[in-house]
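Reviewing the structure listed below.
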Amino acid sequence: MAELQKDFLFVLIKSLTTSEKRQFKLYVNRLGINVDAKFLLLFSELDKMKEYDENIIIEKKISTKQQLSNLKAHLYKQILVSLRMNPSHQNYRIQLREQLDFANILYQKGLYKQALKILDKTKQSALELDEKSIASEIINLEKVIESQFITRSIEGRADELIKQSTEISRQNHYATELSNLSLKLYSEMLTHGYVKNDSDRGKVLEIFNAHIQKIQLDKLNFTEKLWYFKAHVWKNQLLQDYKYTLKYAHQWVDLFHKKPEMIISHPVWYIKGNTYLLKILFLYGNIDILEEHFESFNTMVNSQNFAQNENLQALIFLTQYNTLMNIHFVKGEFFTGTKLIPEIELKMERLREKIDEHHFMILYLKIAAMFFGSKNFKKSIEYSMKVVECKGNVQEDLLFHTRILILMAKYESGNDEDYDDFINSTLKFARKMKKPEAFHFESIQFFKNINNLVLNKKQKSFEVFDEVLETFSKNEYYRRSLLYIDIHGWVKSKVQHVDVIEIIKQKVRYKRKN
């Protein structure tokens, strides 16, 4: 999350819509709580604040410093209870849990038949929605009731529960193994990045094979298949194997298309699957297929049946605007792409607390690249510096390539003020990277040399660096380094004496032919 306010209660109150605030006050009134109750006064005060300030609360004698922590905890809980009752926040998981809670209450009151009736109906719904964890809890409660009270033909009932319990336990084992694997691979991607040598590759394959060997795809239900495809997508992304990333991203999305009711119950994973699919199609550069899938995605998420909440809005925003900018990049439509920027920034501000720092920085880098392509080098540097100066947790590769974009913009603009200082700071940054590559140092050396050469020698320098980049592009471990910023396309434009947009259009024509 963006580091604006760290107080959870304040952030929660600021996230409430007008109708949610109204419902909270109605909920409190139904409880018969005095309007002067301290937690209500605290709610009103926090709602008025633009920035969290504990001193104001103390000065207005809403609470003492010693009592404030407990008062805030009470208010936080009451807001969550109110939100839970809001129809807009209802989903099938909450409804299943609610039915399980009701069954527990009936059981504790000794109304065993009523409890079992609710449990049986809820269990069927849970199994249909592939919610095995909840189904397992339901079966466990059924076993408790059946083992204590003679309610029906125990022999047949016992066999039925044992069979269901065994089958769900097996499925849960697969789901646990695959979800653990997916999480481990995702962690590898965030902490160590993409594989850069055979040793990295071996480590990823060792992790993957240790979990996947005993898994049979044809034995899996929807949720296990979902985790199975996720694991394959993340493994192949780490290995930079885009052919198989595309294959499994397709299967991930197709899983939902074959069972569309699961889009309603698992909207986050539907969005995530499309995010990876659209991203890999962008890397392939086939604009026609990319636009076709993007249109299909937009149709679904904008339909009336698709779930709506703030979390989903943030995920949809990231997928839609990253893809829109990617489409403009592939087409070389930089001037058109810059028209999106005010709209993107407005939505970024609105969703600031819902999106993590890294995704914000990716958007800033893309905005900077869009300005670079439209020849607005000053703006390109301005937005690039937002990434470089970020104090949050941002991947090293992203930071390095942002620095390269700044050097490209400085060179193009003829603005050599602090150029040498920036070269030196970039070299210092590269040396501190966990796994610096030859590509990093070759790029820095190129920019260091090019600024000191006379005009007739610059052309030769671009030609030599073009050959260096060509060599890197053939190495599977360096391939991704050329995808953040199209430095190769920019260098080729200098070699061929054409605009970089023409180089991009050449690539699009080539992709369409092949």
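The opening residue of the sequence shown carries number 516 in the numbering used here; numbering runs sequentially from there.
Glycine included, every Cβ here is placed at the ideal spot set by N, Cα and C.
According to the Cβ coordinates, are glutamate 535 and leucine 598 closer than 8 angstroms?
-> Result yes, Cβ atoms of glutamate 535 and leucine 598 sit closer than 8 angstroms.
Residue nearest to glutamate 613 in terms of C-alpha spacing, selected from Met600, Gly625, Lys624 = Among Met600, Gly625, Lys624, the Cα nearest to that of glutamate 613 belongs to Met600.
Under the three-state reduction of DSSP, which class applies to serine 940: helix, strand or coil?
-> Under the three-state reduction of DSSP output, serine 940 falls in the helix class.
Please report how far the alpha carbon of lysine 565 lies from the alpha carbon of arginine 865, in whole angstroms.
-> Near 14 angstroms, if we compare the C-alpha coordinates of arginine 865 and lysine 565.
Note down the Cα distance separating serine 702 from glutamine 752, rounded to an integer number of angstroms.
-> Taking the straight line from one Cα to the other gives about 12 angstroms.
For lysine 745, which residues of its own chain have a beta-carbon under 7 angstroms away from its beta-carbon, when the five flanking residues on both sides are left out?
-> Closer than 7 angstroms at the Cβ level, and outside the excluded window around lysine 745, lie Ser697, Trp767.
Give every residue of the same chain whose Cβ lies closer than 8 angstroms to the Cβ of valine 903, excluding the five residues on either side of it in the sequence, and list them in chain order.
-> The residues are Leu914, Thr917, Arg918, Ile921.
Quick one: what's got a C-beta closer than 6 angstroms to histidine 726's C-beta in the same chain, skipping five residues either side?
-> So the qualifying residues of the chain are Glu692, Leu696.
With 8 angstroms as the threshold, decide whether the Cβ of alanine 641 is near any Cβ in chain C.
-> Chain labels in this structure do not include chain C; a single protein chain is all it has.
C-beta contact flag for phenylalanine 554 and glutamine 593 at 8 angstroms | Against a cut-off of 8 angstroms, the Cβ pair of glutamine 593 and phenylalanine 554 comes out as a contact.
According to DSSP, is proline 602 helix, strand or coil?
-> In the structure shown, proline 602 sits in a helix (DSSP, three-state: H, G or I).
Tell me where the alpha helix (DSSP H) around glutamate 483 begins and ends.
-> Only positions 516 to 1029 of the chain appear in this structure, which leaves residue 483 out of reach.
Within the region 823-850, ranges of the alpha helix (DSSP H) (whole runs, at least 4 residues) | Qualifying alpha helix (DSSP H) stretches, in chain order: 825-846.
Just curious, the alpha helix (DSSP H) that arginine 918 is in, first and last residue?
-> Here the alpha helix (DSSP H) through arginine 918 covers 911-928.
Alpha carbon of threonine 760 to alpha carbon of methionine 815, nearest angstrom = Computed Cα separation, rounded: 23 angstroms.
Helix, strand or coil at phenylalanine 821 [DSSP, three-state] | The answer is coil: DSSP assigns phenylalanine 821 none of H, G, I, E or B.
Inter-residue spacing [alpha-carbon to alpha-carbon] between threonine 853 and aspartate 936 | Inter-residue distance for threonine 853 and aspartate 936 is about 29 angstroms (C-alpha atoms, whole angstroms).
Three-state secondary structure assigned by DSSP to alanine 690 | The answer is helix: DSSP assigns alanine 690 an H, G or I state.
Can you tell me which of the three DSSP states histidine 808 falls into?
-> Histidine 808 falls in the helix class under three-state DSSP.
Buried or exposed by the 16-neighbour rule on C-beta atoms within 10 Å, applied to lysine 758 = Classification for lysine 758: exposed.
Among residues of its own chain, excluding the 5 on either side of glutamate 652, which ones have a beta-carbon nearer than 7 angstroms to its beta-carbon?
-> Leu615, listed in sequence order.
Per-residue burial, isoleucine 842 [other beta carbons within 10 Å of its own, 16 or more giving buried] | Around the beta carbon of isoleucine 842, 16 or more other beta carbons sit within 10 angstroms, so the residue counts as buried.
Let me know the secondary structure DSSP gives serine 578 once reduced to three states.
-> The answer is coil: DSSP assigns serine 578 none of H, G, I, E or B.
Figure out for me which residue from Ile654, Glu985, His874, Leu741 has the closest Cα to the Cα of threonine 637.
-> The residue with the shortest Cα to Cα distance from threonine 637 is Ile654.
Under 8 angstroms between the Cβ atoms of methionine 948 and glutamate 991?
-> No, these two residues do not count as a Cβ contact at 8 angstroms.
Would you please state the rounded distance, in angstroms, between the beta carbons of alanine 673 and glutamate 661? I believe it to be under 8 angstroms.
-> Glutamate 661 and alanine 673 do touch by the CB rule: their CB atoms are close to 7 angstroms apart, below 8 angstroms.
Can leucine 557 and leucine 586 be called in contact, C-beta distance under 8 angstroms?
-> Pairing leucine 557 with leucine 586 gives a Cβ-Cβ distance under 8 angstroms.
Whole alpha helix (DSSP H) elements within the region 843-888, 4-residue minimum = Every alpha helix (DSSP H) stretch that sits fully inside the region 843-888 and reaches 4 residues is listed by chain position as 849-853, 856-865, 872-888.
Does the separation of the CB atoms of threonine 738 and threonine 790 fall below 8 angstroms?
-> No, they are not a contact pair.
So lysine 658 packs on leucine 676, CB below 8 angstroms; how close in whole Å?
-> About 6 angstroms; that satisfies the 8 angstroms criterion.
Glutamine 491 versus tyrosine 689: straight-line alpha-carbon distance, rounded = This structure cannot settle anything about residue 491, because the visible part of the chain is limited to 516 through 1029.
Within its chain, find whatever has a CB closer than 8 angstroms to the CB of arginine 716; leave out the 5 residues flanking it on each side and keep chain order.
-> When the five nearest sequence neighbours on each side are left out, the beta carbons in the same chain lying within less than 8 angstroms of the beta carbon of arginine 716 are those of Val710, Leu754, in order along the chain.
For tyrosine 542, which option in Leu590, Ser530, Lys862 has the closest C-alpha, if you only look at C-alpha atoms?
-> Measuring C-alpha to C-alpha distances from tyrosine 542 to each of Leu590, Ser530, Lys862 identifies Leu590 as the nearest.
Of the listed residues Asn619, Lys893, Ile1019, nearest to asparagine 801 (C-alpha basis) | Among Asn619, Lys893, Ile1019, the Cα nearest to that of asparagine 801 belongs to Ile1019.
Kindly indicate the opening and closing residues of the alpha helix (DSSP H) around valine 719.
-> If you look at valine 719, you'll find it in the alpha helix (DSSP H) that goes 713-727.
What are the boundary residues of the alpha helix (DSSP H) that includes tyrosine 763?
-> From DSSP, the alpha helix (DSSP H) with tyrosine 763 extends over 757-773.
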